[in-house]
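Notes follow once the structure below has been shown.
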Amino acid sequence: MIDSLEGLKRCVMNISEYEVHGGGFSKKLTKIVFKPDPHGNMYCPKCGDVRKMKITNLFPQIDPNEISQIGLNCLNKDEDKYPANFINKVNQKITPSLWKYSCLQCSTYFTGLIYNGQSGQDLNVLSNCNGGLTTPNTPESVAYYLDQASRAQSVRATSAAMAMYRAALEHILFDQGFTEGMLGGKLKTLEKAINNGTAPKWALELETEFLKYIKDMGNGAIHSNDGNIEQQAIIDNDLLQRVTEVFRMLLFVIYEIDIHKKKLLESFRTVANTLNK
Ligand SMILES: [Zn+2]
């Protein structure tokens with residue numbers, strides 16, 4: 001996925017090895033090519049699913065001749081450390097740099113910034129609409145907190161992102177009629193509703209244990225924990241990726257599946273009516 005640095009680099013750059021022979025010697029060389037028309041996949045909040053994106057190099061413009069020259073300089077300077085030096089120099093060349101991603105299905109576009117972060121080269125992706133996980137029928141209040149989570153996540157503010165995922169969950173429950181109390185109280189009411197058979201259909205299809213963990217992790221991100229901030233390290237990007245997976249399921253099951261089924265069924269009815277004429 002091109003919302004990760006490695007994913008973007010894999011889509012725009014091709015690193016290969018080739019051999020040159022001549023005068024009784026052979027040498028292994030490295031070739032770095034920036035692809036002429038790169039594309040990659042990423043979640044599009046407007047389409048509500050993973051989509052193919054066209055990637056455009058905005059700034060600085062990458063000149064293939066300059067890249068070849070960097071390779072030659074590295075080879076001439078210290079052959080032993082080549083090609084690691086070559087790859088490092090190219091990484092320096094694209095840090096910082098700006099990229100544009102355009103969804104091939106809708107008009108949404110994203111700006112990707114490769115920059116030097118606290119732990120070295122990093123990527124931030126910003127969208128021209130509410131970003132992060134949202135779907136066509138996600139309520140505005142839920143989309144707002146998911147957008148906040150995504151923005152925090154993109155600059156590695158992981159505790160801040162987790163707190164926003166917790167807020168998004170609370171707004172989903174509020175939207176679904178669980179309006180009393182804090183998030184813990186809303187979840188208890190949902191459990192009761194499941195037990196007495198009055199819960200919405202989605203609650204029966206989804207393991208509500210997921211929701212409890214999101215609440216607990218969100219609480220862990222904002223509680224003082226007696227001044228101990230070491231626990232915050234547990235909330236890393238990998239964990240947040242899994243949290244987004246849960247939200248992807250939630251949004252689909254709660255807001256999309258019935259509409260999706262209805263549209264499919266209507267399309268089949270149209271076909272059947274045409275065939276029966
Ligand atoms: Zn799209």
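One point on numbering: in the working numbering, the residue at position 60 of the sequence shown is 60, and numbering is uninterrupted. Even glycine gets a Cβ: it sits at the ideal position worked out from N, Cα and C.
Is residue i helix, strand or coil when you go by DSSP?
| i | result |
| --- | --- |
| C11 | helix |
| S107 | coil |
| H260 | helix |
| I62 | coil |
| A101 | For the sequence presented, residue 101 should be read as Tyr rather than Ala. Y101 falls in the strand class under three-state DSSP. |
| E19 | strand |
| L29 | strand |
| F34 | strand |
| S4 | coil |
| I94 | coil |
| V155 | coil |
| S224 | coil |
| L133 | coil |
| C47 | coil |
| M182 | coil |
| T138 | coil |
| Q176 | coil |
| Y145 | helix |
If we count the other Cβ atoms within 10 Å of its Cβ and call it buried at 16 or more, is residue i buried or exposed?
| i | result |
| --- | --- |
| Q105 | exposed |
| P96 | exposed |
| G22 | exposed |
| D3 | buried |
| M182 | exposed |
| G218 | buried |
| P60 | exposed |
| Q153 | buried |
| A143 | buried |
| T198 | exposed |
| E170 | buried |
| K215 | buried |
| Y213 | exposed |
| T138 | buried |
| T270 | exposed |
| I259 | exposed |
Assuming residue i and residue j make a contact with CB atoms under 8 Å, what is their CB distance in whole Å?
| i | j | result |
| --- | --- | --- |
| L190 | A203 | 6 Å |
| W99 | L58 | 6 Å |
| C129 | M53 | Not quite, the Cβ-Cβ distance comes to about 14 Å (not below 8 Å), so this is no contact. |
| N205 | V253 | The sequence shown places Glu at residue 205, rather than the Asn named in the question. Confirmed, Cβ separation roughly 6 Å. |
| P200 | Q231 | That pair is no contact at about 33 Å. |
| L251 | T135 | 5 Å |
On the DSSP bridge assignment, give the partners of residue i in chain order.
| i | result |
| --- | --- |
| G40 | M53 |
| N116 | Q121 |
| L126 | T111 |
| F210 | Looking at the DSSP assignment, F210 forms no beta bridge with any residue, so it has no partner. |
With a threshold of 8 Å between beta-carbons, can residue i be considered close to chain B, or not?
| i | result |
| --- | --- |
| F268 | The structure shown contains no chain B; it is built from a single protein chain. |
Does at least one heavy atom of ligand 2 sit under 7 Å from the Cβ of residue i?
| i | result |
| --- | --- |
| C106 | Absence of ligand 2 is noted for the structure shown, with ligand 1 being the only ligands found. |
Between the region 141-151 and the region 159-166, are three or more C-beta pairs nearer than 8 Å? yes
Three-pair Cβ contact test at 8 Å for the region 25-40 versus the region 53-70: The region 25-40 is in contact with the region 53-70.
Count the C-beta pairs between the region 245-254 and the region 228-236 that are closer than 8 Å, then say yes if the count reaches three, no if not. no
Counting beta carbon pairs with one atom in the region 67-75 and one in the region 109-116, are three or more of them shorter than 8 Å? no
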